[in-house]
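Some notes on the structure that comes next.
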Amino acid sequence: MDKKRLNVKLVKMSYEYKEKLIDMLEEWKADIELNNTNHSPWAIFKNDYHDFDRYLEELEIREEKDGLVPDSTFFCLDTDRDRLVGAVNIRHYLNGNNYLTGGHIGEGIRPSERRKGYATAMIALALEECRKLGLNKVLMVCDANNIGSEKSIINNGGVFESEITQDGSREKRFWITINEEMVETERLVLRRLMPSDYKAMAAWDMDERVYKYLMGSACKTPEDPLVWLPKKDPNSRVNILMLVTEKSDGHAIGIYALNHDKSRDVWTLSYVNRFEDWGKGYTTEGMKALIDHAIKVYGARNFEGECAKVNTGSAAVMKKLGMVYDHDSLYSKSDGSETFESEVYILKK
Ligand SMILES: CC(C)(COP(=O)(O)OP(=O)(O)OC[C@H]1O[C@@H](n2cnc3c(N)ncnc32)[C@H](O)[C@@H]1OP(=O)(O)O)[C@@H](O)C(=O)NCCC(=O)NCCS
3 MDKKRLNVKL VKMSYEYKEK LIDMLEEWKA DIELNNTNHS PWAIFKNDYH
53 DFDRYLEELE IREEKDGLVP DSTFFCLDTD RDRLVGAVNI RHYLNGNNYL
103 TGGHIGEGIR PSERRKGYAT AMIALALEEC RKLGLNKVLM VCDANNIGSE
153 KSIINNGGVF ESEITQDGSR EKRFWITINE EMVETERLVL RRLMPSDYKA
203 MAAWDMDERV YKYLMGSACK TPEDPLVWLP KKDPNSRVNI LMLVTEKSDG
253 HAIGIYALNH DKSRDVWTLS YVNRFEDWGK GYTTEGMKAL IDHAIKVYGA
303 RNFEGECAKV NTGSAAVMKK LGMVYDHDSL YSKSDGSETF ESEVYILKK
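In terms of the numbering used here, the sequence shown is residues 3 to 351.
Put into structure tokens, the structure is as follows:
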């Protein structure tokens with residue numbers, strides 16, 4: 003079969019496709035039993051289709067419950083052959099259960115239709131659905147030995163990030179970029195921080211001077227950030243973490259971030275820079291652009307920043323950003339080793 007000429011579309015399950023679904027699932031389940039293969043995507047196997055109303059009702063998760071996030075399930079229809087060939091399940095966001103090994107997309111092609119290019123074509127359509135959901139970066143994870151899955155992910159622009167072992171099985175993680183959220187200034191480029199950036203972060207993360215007034219402490223090894231970094235969703239609309247690089251030579255300067263406290267509708271600023279890049283005006287330049295971006299893209303209005311009174315450089319940045327002193331406060335390092343008298347600055351747009 004000519005892979006380039008597959009005419010496929012994604013459909014939602016309904017009575018119209020009931021017979022086709024049963025035909026596909028019967029074939030698939032027999033193969034799973036015979037060859038002890040996986041149940042991907044799990045959503046289409048989790049309920050018995052004999053009670054078709056319930057199958058339809060419970061196919062998709064609408065609200066987060068028991069650690070499961072809302073999802074969408076589509077079936078892949080070959081329109082030339084009027085045949086269902088596979089299915090794909092899209093998680094709307096990542097949470098504790100799937101940021102490491104689940105990913106956003108789970109897919110499967112029925113046994114008789116494998117190695118014909120369907121998975122590659124179906125993932126391309128699924129990425130369009132991810133775009134509609136507002137996802138910029140899509141995580142796909144496959145078993146390290148699943149060559150077909152790995153290739154169909156790479157065929158769709160998947161970039162290998164890391165291999166991890168979970169519950170005894172080796173899994174490969176890939177990111178597909180639908181849209182790179184970027185902020186540009188005269189000298190800087192800001193883009194979402196990704197797990198693979200831990201290497202660049204070593205330029206400041208192990209430097210005690212940089213961590214003097216920060217709540218966290220300097221890292222002991224360059225790999226330390228891998229404990230928290232993969233748990234950060236680069237699509238988050240409340241925790242905007244940007245890696246900052248210098249345009250002229252591409253070196254990483256630091257991380258600028260805005261974190262939305264929904265209960266108070268306040269966006270908190272934070273920034274960290276490589277020691278060698280202090281005093282060059284980068285933070286003012288980059289944070290100003292990030293604040294403007296958050297206003298435009300996320301509807302941000304209220305901003306807040308806190309710095310130790312002795313950290314005059316940080317206070318100067320906030321003043322240059324147009325922020326005004328609001329009140330005095332106190333904060334402590336996370337390990338309790340030190341407490342600082344601080345100043346809180348605010349900005350209303
Ligand atoms: C993994 C799976 C989805 C691949 O579907 P598919 O329709 O066969 O994939 P494609 O035809 O698009 O193939 C993509 C590439 O992988 C290759 N490929 C597919 N299966 C392969 C296999 N078993 N061994 C070696 N190569 C394989 C194809 O030749 C193609 O290579 P190319 O890009 O160089 O042309 C399918 O095997 C499947 O449903 N498996 C069970 C469920 C599953 O494992 N899902 C993934 C969970 S992470």
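Even glycine gets a Cβ: it sits at the ideal position worked out from N, Cα and C. Everything numeric in this text was worked out from a predicted model, so none of it was measured.
Which whole-angstrom value is the C-beta distance of residue i and residue j, which I expect to be below 8 Å?
| i | j | result |
| --- | --- | --- |
| residue 173 | residue 146 | 6 Å |
| residue 312 | residue 328 | Not confirmed; about 18 Å, so no contact. |
| residue 323 | residue 297 | Actually they are not in contact, since the Cβ atoms of residue 323 and residue 297 sit about 13 Å apart, beyond 8 Å. |
| residue 332 | residue 341 | 6 Å |
| residue 49 | residue 60 | 5 Å |
| residue 92 | residue 123 | Not quite, the Cβ-Cβ distance comes to about 16 Å (not below 8 Å), so this is no contact. |
| residue 76 | residue 131 | 7 Å |
Which residue comes first and which comes last in the alpha helix (DSSP H) that contains residue i?
| i | result |
| --- | --- |
| residue 37 | 20-37 |
| residue 150 | 149-156 |
| residue 93 | It is not in any alpha helix (DSSP H) - residue 93 instead sits in the beta strand (DSSP E) that spans 85-93. |
| residue 316 | 314-322 |
| residue 292 | 284-300 |
| residue 56 | 54-60 |
| residue 201 | 200-207 |
| residue 213 | 210-213 |
Out of the options, which has the shortest C-alpha to C-alpha gap to residue i?
| i | options | result |
| --- | --- | --- |
| residue 187 | 335, 324, 295 | 295 |
| residue 63 | 53, 45, 54 | 45 |
| residue 9 | 306, 213, 126, 237 | 126 |
| residue 277 | 211, 119, 136, 137 | 211 |
| residue 16 | 86, 104, 208 | 86 |
| residue 250 | 190, 76, 195, 333 | 190 |
| residue 233 | 297, 7, 103, 161 | 103 |
| residue 280 | 254, 347, 92 | 254 |
| residue 13 | 56, 98, 89 | 89 |
| residue 154 | 121, 268, 315 | 121 |
| residue 266 | 157, 302, 285, 247 | 302 |
| residue 34 | 112, 82, 49 | 112 |
| residue 241 | 264, 70, 215 | 264 |
| residue 19 | 80, 65, 74 | 80 |
| residue 143 | 325, 118, 171, 133 | 171 |
| residue 40 | 151, 132, 84 | 151 |
| residue 306 | 262, 219, 202, 25 | 262 |
| residue 179 | 139, 202, 285, 214 | 139 |
To the nearest angstrom, how far is the alpha carbon of residue i from that of residue j?
| i | j | result |
| --- | --- | --- |
| residue 58 | residue 192 | 43 Å |
| residue 96 | residue 42 | 18 Å |
| residue 200 | residue 231 | 8 Å |
| residue 289 | residue 343 | 24 Å |
| residue 106 | residue 141 | 5 Å |
| residue 304 | residue 22 | 53 Å |
| residue 115 | residue 270 | 51 Å |
| residue 31 | residue 109 | 15 Å |
| residue 229 | residue 317 | 30 Å |
| residue 99 | residue 167 | 15 Å |
| residue 181 | residue 336 | 35 Å |
| residue 195 | residue 291 | 16 Å |
| residue 314 | residue 245 | 24 Å |
| residue 163 | residue 156 | 12 Å |
| residue 27 | residue 274 | 52 Å |
| residue 272 | residue 257 | 8 Å |
| residue 175 | residue 165 | 6 Å |
| residue 309 | residue 339 | 17 Å |
| residue 282 | residue 325 | 20 Å |
| residue 260 | residue 84 | 49 Å |
| residue 300 | residue 239 | 7 Å |
| residue 222 | residue 137 | 34 Å |
| residue 68 | residue 159 | 32 Å |
Where do the ends of the beta strand (DSSP E) carrying residue i lie?
| i | result |
| --- | --- |
| residue 172 | 171-179 |
| residue 326 | 326-334 |
| residue 46 | Looking at the DSSP string, residue 46 is not in any beta strand (DSSP E), and its letter there is neither H nor E. |
| residue 13 | 10-13 |
| residue 269 | 268-275 |
| residue 132 | Residue 132 -> not in any beta strand (DSSP E); alpha helix (DSSP H) instead, spanning 120-134. |
| residue 117 | Looking at the DSSP string, residue 117 is not in any beta strand (DSSP E), and its letter there is neither H nor E. |
| residue 348 | 341-350 |
Residue i: beta carbon under 6 Å from a heavy atom of ligand 1?
| i | result |
| --- | --- |
| residue 116 | yes |
| residue 200 | no |
| residue 37 | no |
| residue 78 | no |
| residue 132 | no |
| residue 91 | no |
| residue 103 | no |
| residue 120 | yes |
| residue 149 | yes |
| residue 171 | no |
| residue 237 | no |
| residue 154 | yes |
| residue 110 | yes |
| residue 164 | no |
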